[in-house]
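J.: These protein sequence lines are chains A and R, in that order. Reminder that position 160 of the first sequence reads as 175 in the numbering used here, one-by-one numbering, no gaps. Reminder that position 86 of the second sequence reads as 90 in the numbering used here, one-by-one numbering, no gaps. Glycine included, each C-beta is placed from N, C-alpha and C at the ideal position.
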Amino acid sequence: MSSTAVLVMSIVFWLVAWFINTRLSRMEPKTQIGQTSVNLAIPFLFGAALIGLWEGITVGFEVPSVLLPPPSMIWERITNSIPILWADFQQTYLKAVLSGYVMGCGLGFIIAIVVDRSPFFKAGIMPIGNLVSALPIIGIAPIMVMWFGFDWQSKAAVVVVMTFFPMLVNTVAGLAAANSMERDLMKTYAASYWQSLFKLRLPAAMPFIFNALKINSTLALIGAIVAEFFGTPIVGMGFRISAEVGRLNVDMVWAEIFVAALAGSLSYGAIALMERSVTFWHPSNRK
Amino acid sequence: MTKTRSALVPVMTIISLIMVIWYGCVVLLNAQFEWDQAERIGKETSWSQVIPATMKQERPVLPAPHQVGQEIWKTTVEKKISSKRSLIYHASITISATLLGFLMGTALGILLAVGIVHSRVLDKSMMPWIITSQTIPILAIAPMIIVVLNSVGVTGLFPKAVISTYLSFFPVAVGMVKGLRSPEAMHLDLMKTYNASSAETLWKLRLPASVPFLFTSMKVAIAASLVGAIVGELPTGAVAGLGARLLAGSYYGQTVQIWSALVVAAIVAGLLVTFIGIIGKRVNARMGVKEELA
C-alpha cells in the first residue's frame, strides 16, 4: 500500500469516527447497559481515530522515525522485545514502585492517625505538609541514589518520600470529615476512641484516602522512572528510556512508554474499582 | 489574622523539631567517615571532636542546615548574577522555562475546557483521555522530547516548556470545566431570556464565574510546571538551570550543591505558588467573589 493511500484512509477513518461519535453522543439510550456502552464507545473511537491519524500522518508524510515512529512500528517493537520490557517492568514497577508505594502510603497513613490525636501537632504539620506537597520532591532522587545505592532500593526511597506527604495531608483532612453530630452519636453509644475511629471516622475518611492513593499511583511511577535517570544497574524503565534516547532508538522508547502508560492506567483503574466497592455509600457513587 | 498567628507557634515548633532531627542525622550519618579517618592515621579521637567535625565536611553524606545556608548565601549574594556559579542565574533559567510552560499550559487548559463545555462530542470523547493522560508517567518521555526537539533544531527554553505545558494543562482543564459549569441554571436561563448567544454567555457569565476555579487550579499548575522544567533540564547534559545543578552535583558527589539547589527550588516553588495566590485573592476581591468559593 502506498503511503498516500494510508494517509487518505486514515483521514477517512477519522472523519467516519467523528461522524459516528457526533451521532452517538446525541443518542440517549434508555437502558443502563446501553448508556454504559455508548459512554465507552465514544472515547474508544476517539482514541482509535487518533492512532489512525498518527499512523496516517507519519507514514503519509514520511516523517523520519527518529522524530515520531508510526504506531505499527512501535507495536512491532513491543511484541519483539517482550523479555526486555518484562525485565525492566519487574525492576522498576514490581520492585521499586510497589514497595515504595506501600511503605510511603502506609507510613503517611499511620503518622496521620498519630498526628490527629494532638491538635497542636496537626496545626503545625498541616501547613508544612501542604507546602511540601507542592515542592519538586523529585529533586531528592540524586541524594537517595547516593545513600541507598544504584539498585531499586534508592528508587523505592524516592517513591516513599513522594507518596508520604499527599497521603498524610489527605488522611488528616479525611479524619476531620465526620461531622460533630455523628461523633456525638458515637459518644452517646459510649464508643471508645478506637471504636469511633474504626467504625465512623476511618470509613468517613475513605474518599480522601482513596484520592491520595490515586494521586500517588502516578507519582510513584514518575518518581521511580526519573530516579533511574540518576544511576541504575543496567535494567529498568527509566534506564532503558535514557539509554535508548541516546542511541536514537525512539521506537524502543515508545514501547517503554507504552508499558509505563499501561501500568499507570491499570493501577489507577484498580484503585478506582476498589474505591467504588469501599465507598459505595458516597454520594458520587449513588445511582 | 488570628488564624495565621495561632498556626505560627505549632509550625515553628515542628520546624525546630525537624532542625533538631536534621542535626542529629548529620552527626549519625557523617560520624562514620570521621572515625575511619582518625583510624587511618592512627589517632585517638572522641565524640567531642567528631561531632563538630561532622558539621563541616567537604562532601558530607548529609550536609548540616547551616552548610546549605552558607552555600546558598555564597552562590546567590556573593556571586555576580551573570556568573555560571550563581544560583540566581540557574534559578532564573528554570523559572523562565516554568513560566513559559505555565502560560502555554494554562491557555491550552482553558481552550480545552471551553471546547468541552460547549460540545457534547468533545466532552464525551476527550474527558476520559484527559484523565488517562495523567495516569501516564509523562516525565518519562521528557528526555525524548528534549532530544527529538534538539535534533530538529529547536533548543533552549521551548523543549523544557513543552514538558511543563503537559504537566500544567491538566489541573487547569479540569478546574475550568468545573468553573465554566458553575453558573446556576437560573443565571443561564436569564442569559437566554436576554437572547444572548453562547459566545456572549461565555464572556459575560461563564468566564467571570470560573475565575476563582481558575486561580485554584493555577496554583497546582505552576507547581507542576516547575517540576516539569527541572526534570526537563536533566537530559540536556547539565548545562544550566536548577535541574542541571542537581545532575552536576550528583555526578561529582557535591552533596552541599545538591541540597542548596534543592532548597532554592523549594523556595522558588513556594514563591510562585504564593504569588499566584496573592493575585488570585486580589482579583477575587475585586470581582466580589464570596470567600468560601475561592
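#1: Decide yes or no for the touch test of the segment 22-36 of chain R against the segment 68-79 of chain R: beta carbon pairs closer than 8 Å, at least 3 of them.
#2: If you measure between the beta carbons of Leu228/A and Cys120/A, is that distance less than 8 Å?
#3: Would you check if the distance between the CB atom of Pro98/A and the CB atom of Ile262/R is smaller than 8 Å?
#4: Can Ile19/R be considered in contact with the ligand SAM, in the sense that its beta carbon sits closer than 7 Å to one or more heavy atoms?
#5: Out of curiosity, what's the CA-to-CA distance linking Phe254/A and Thr247/A?
#6: What is the DSSP secondary structure of Ala298/R, counted as helix, strand or coil?
#7: Counting pairs of beta carbons, one from the segment 188-196 of chain A and one from the segment 166-174 of chain A, are three or more of them closer than 8 Å?
#8: What do you get for Asp40/R, buried or exposed, if any count of 16 or more other CB atoms within 10 angstroms of its CB means buried?
#9: State the Cα-Cα distance for the pair Ile93/A and Trp269/A, rounded to the nearest angstrom.
#10: Between which two residues does the alpha helix (DSSP H) containing Met190/R stretch?
#11: What do you get for Thr6/R, buried or exposed, if any count of 16 or more other CB atoms within 10 angstroms of its CB means buried?
#12: With three or more C-beta pairs closer than 8 Å as the rule, is the segment 127-138 of chain R touching the segment 276-285 of chain R?
#13: Kindly indicate which three-state DSSP category Asn34/R falls into: helix, strand or coil?
#14: Using the rule of at least 16 other Cβ atoms within 10 Å of the residue's Cβ for burial, across every protein chain shown, is Ile216/A buried or exposed?
#15: Whose C-alpha, out of Gly154/A, Val187/A and Met177/A, is nearest the C-alpha of Ile125/A?
#16: How about Ile262/R: is its C-beta nearer than 8 Å to some C-beta of chain A?
#17: Let me check understanding here. Comparing Cα to Cα, which of Ala273/R, Met222/R, Arg286/R and Val272/R lies closest to Pro114/R?
#18: How big is the Cα-Cα spacing for Ser155/R and Gln53/R?
#19: For Ile35/A and chain R, any beta-carbon pair shorter than 8 Å?
#20: What separation, rounded to the nearest whole angstrom, lies between the Cα atoms of Ile145/R and Ser25/A?
#21: Would you mind giving the Cβ-Cβ distance between Val152/R and Leu236/A, rounded to the nearest angstrom? I have them listed as a contact below 8 Å.
#22: Taking the alpha helix (DSSP H) that Tyr283/A belongs to, which residues open and close that run?
#23: Whole angstroms are fine: how far does the CA of Leu234/A sit from the CA of Ala63/A?
#24: For the alpha helix (DSSP H) containing Asp199/A, list its first residue and its last residue.
#25: DSSP three-state label for Val243/R, please.
#26: Below 8 Å on C-beta distance, what does Ile145/R contact in chain A?
#27: Say whether chain A places a C-beta atom closer than 8 Å to the C-beta of Trp26/R.
#28: Helix, strand or coil, according to DSSP, for Ser25/A in the structure here?
#29: Once you ignore the five residues that flank Val176/R on each side, which residues in its own chain have a CB closer than 6 Å to its CB?
#30: Could you name each continuous alpha helix (DSSP H) segment of 4 residues or more that falls completely within the segment 119-171 of chain R, going from the start of the chain to the end?
#31: Given this structure, state the Cα-to-Cα distance separating Lys47/R from Gly257/R, to the nearest angstrom.
#32: So with Cβ pairs under 8 Å, would you call Val265/A a contact of chain R?
#33: With a CB to CB cut of under 7 Å and the five nearest residues on each side skipped, what residues in its chain are close to Asn34/R?
#34: If we define contact as Cβ-Cβ less than 8 Å, is Ala289/R a contact residue for chain A?
#35: Name the chain R residues that come within less than 9 Å of Met161/A, Cβ to Cβ?
#36: Between the alpha carbons of Val241/A and Ile85/R, how many angstroms are there, rounded?
T.: Looking at the atomic coordinates:
#1: yes
#2: yes
#3: no
#4: Only the bare structure without any ligand can be found here, which leaves the ligand SAM out of the picture.
#5: So the two alpha carbons sit approximately 7 Å from each other.
#6: Residue confidence is low: Ala298/R scores 43 on pLDDT, short of 50, so the model does not pin down where it sits. No coordinate-derived value is stated.
#7: no
#8: Residue burial is scored here from C-beta neighbours: Asp40/R has fewer than 16 other C-beta atoms within 10 angstroms and is therefore classed as exposed.
#9: 9 Å
#10: Where Met190/R is concerned, the enclosing alpha helix (DSSP H) stretches over Ala189 to Thr197.
#11: Summary for Thr6/R: the model assigns pLDDT 48, below 50, so the residue's position carries little reliability; its value from the coordinates is reported in the next sentence. Exposed, because fewer than 16 other Cβ atoms sit within 10 Å of the Cβ of Thr6/R.
#12: no
#13: helix
#14: The sequence shown places Arg at residue 216/A, not Ile. With 16 or more other Cβ atoms within 10 Å, it is buried.
#15: Val187/A
#16: yes
#17: A small fix is needed here, since residue 114/R is Ile in this sequence, not Pro. The closest CA to that of Ile114/R, considering only Ala273/R, Met222/R, Arg286/R and Val272/R, is found on Met222/R.
#18: 55 Å
#19: So, not an interface residue.
#20: For Ile145/R and Ser25/A, the distance between alpha carbons rounds to 26 Å.
#21: Between Leu236/A and Val152/R the Cβ distance is about 22 Å, and since that is not below 8 Å, they are no contact.
#22: Val265 to Val293
#23: Taking the straight line joining both Cα atoms gives about 27 Å.
#24: Ser195 to Thr203
#25: coil
#26: Ile256, Val268 and Ile272
#27: Not one chain A Cβ lies under 8 Å of Trp26/R.
#28: helix
#29: Thr110, Gly113, Ser221 and Ala225
#30: 124-139 and 146-155
#31: Each residue's Cα considered, the two are about 27 Å apart.
#32: Yes - at least one Cβ of chain R is within 8 Å of the one on Val265/A.
#33: Thr58, Gln61, Pro64, Val65 and Leu66
#34: Chain A contact via Cβ: absent.
#35: Val65, Ser254, Gly257, Thr259 and Ile262
#36: Val241/A and Ile85/R: Cα-Cα distance of roughly 30 Å.
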